[in-house]
Amino acid sequence: MSETPSSSSSAPLATGRSDGLSVHHRQHSRGQNTHINIPAATATATATHLSEADLSLPTDSPTSANSNLNLVNDRDYFPYQPKSLAGIATRSFCLGIAVTIGVGATGATLLYTSSPLWRLPFFLAALATFHFLEFWTTAAYNTRAADVKSFLLTANWPGYAIAHGFATLECLLTNTFWPNRAWAPFGSGTLLCLLGLALTVTGQVVRSVAMVQAGPSFNHLVQRQRSSAHVLVTSGIYGRFRHPSYFGFFWWALGTQMAMGNVVSFVAYAAVLWKFFSSRIKHEEEFLVKFFGQEYVDYRRRVGTKIPFVP
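First residue of the sequence shown: 0, per numbering that gives the first Met the number 0; consecutive thereafter.
Printed below as a string of structure tokens:
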């Protein structure tokens, strides 16, 4: 996966002198005065910083008129901006609800009915968990890169949404009108369903662990220039898979379709994902060879991708 006023006037809080800056703060509860001397150089630097900083809040903020003294130029964290805290909170909240509904509905359907439609809430829970962990692992282990797009909710849009929408529709129709169909050869439907569940969990774990171990070296977008934090990770899970995050998503996606009993979607997912990752790996490794030279060439020769027909 691949993954830019107003203020009110008030009395001065400090007075500057040639020998420093004196700040007087009255402690009303004790009836005492506290006198702090700050060197002139520090005072000048502080004043310059405050004069250059953008201390305003968005005009729609309820505290824009009286909290400007506590702010710095952090507009990226304001609503509708790349690192919007409101946007991150909203997405996390919605994904949490989706996981709760998915897990609860899956369990209830399996416990109290014999309907094969437990597969639909299972898919919802798997999707919501995947997208939440994409952001969480980025925020925890590659913090500077974390933003709203790290959830990957709109990655490869609209193809990504179409693929999952089609998979959901196939599962709904086939399990509603042909709930007892023999979709797997030799009566292996139950075995393949369990295998699909195992692949879903394994794929998710491998991808998340890869993101954790790579840390700042992991990015949802192919990097064309090497940053100072970009190092070649060849140990841990990277000693077993050359592109563990791609391996993880590839088998996670196929596992979900196997568990859902989606024959058409399974074939379509396999074809589309293989084409996508084989092309992306080839493109990405052109830059990795430029970044790391012979070190990466030797690593590529030693460790495979474990994705079929992608050496």
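By construction, the Cβ of each residue, glycine as well, lies at the ideal position given by its N, Cα and C atoms. Bear in mind that the values here come from a model prediction, so they are computed numbers and not experimental data.
- If you draw a straight line from the Cα of residue 174 to the Cα of residue 84, it comes to about 40 Å.
- In the three-state scheme derived from DSSP, where H, G and I count as helix and E and B as strand, residue 288 is classed as helix.
- In terms of Cα proximity to residue 220, the closest of 305, 250, 145 is 145.
- The Cβ neighbour count for residue 111, taken over all protein chains shown within 10 Å, is under 16; the residue is labelled exposed.
- Approximately 27 Å separates the beta-carbon atoms of residue 138 and residue 120; this is outside 8 Å, ruling out the contact.
- Per DSSP, the continuous alpha helix (DSSP H) segment holding residue 295 begins and ends at 293-301.
- In this structure residue 243 is buried. Its beta-carbon is surrounded by 16 or more other beta-carbon atoms within 10 angstroms.
- Annotation: the continuous alpha helix (DSSP H) that includes residue 130 extends over 118-140.
- By the C-beta criterion, the region 157-174 is judged not to be in contact with the region 205-222, since fewer than 3 inter-stretch pairs fall below 8 Å.
- If you ignore the 5 residues before and after residue 76, its C-beta comes within less than 8 Å of the C-beta of 82, 83, 84, all in its own chain and listed in chain order.
- Cβ neighbours of residue 140 within its own chain (closer than 6 Å, five residues either side excluded): 211, 214.
- When the Cα atoms are used, residue 251 and residue 201 turn out to be separated by approximately 7 Å.
- With contacts defined as CB atoms closer than 8 Å, residue 308 and residue 276 fail to qualify as a contacting pair.
- In this structure residue 237 does not touch residue 256 by the C-beta definition: roughly 27 Å separates them, more than the 8 Å allowed.
- Between residue 183 and residue 196, the beta carbon gap of about 14 Å keeps them out of contact (Cβ cut-off 8 Å).
- Selection 305, 272, 290 evaluated against residue 155 yields 272 as nearest (Cα-Cα).
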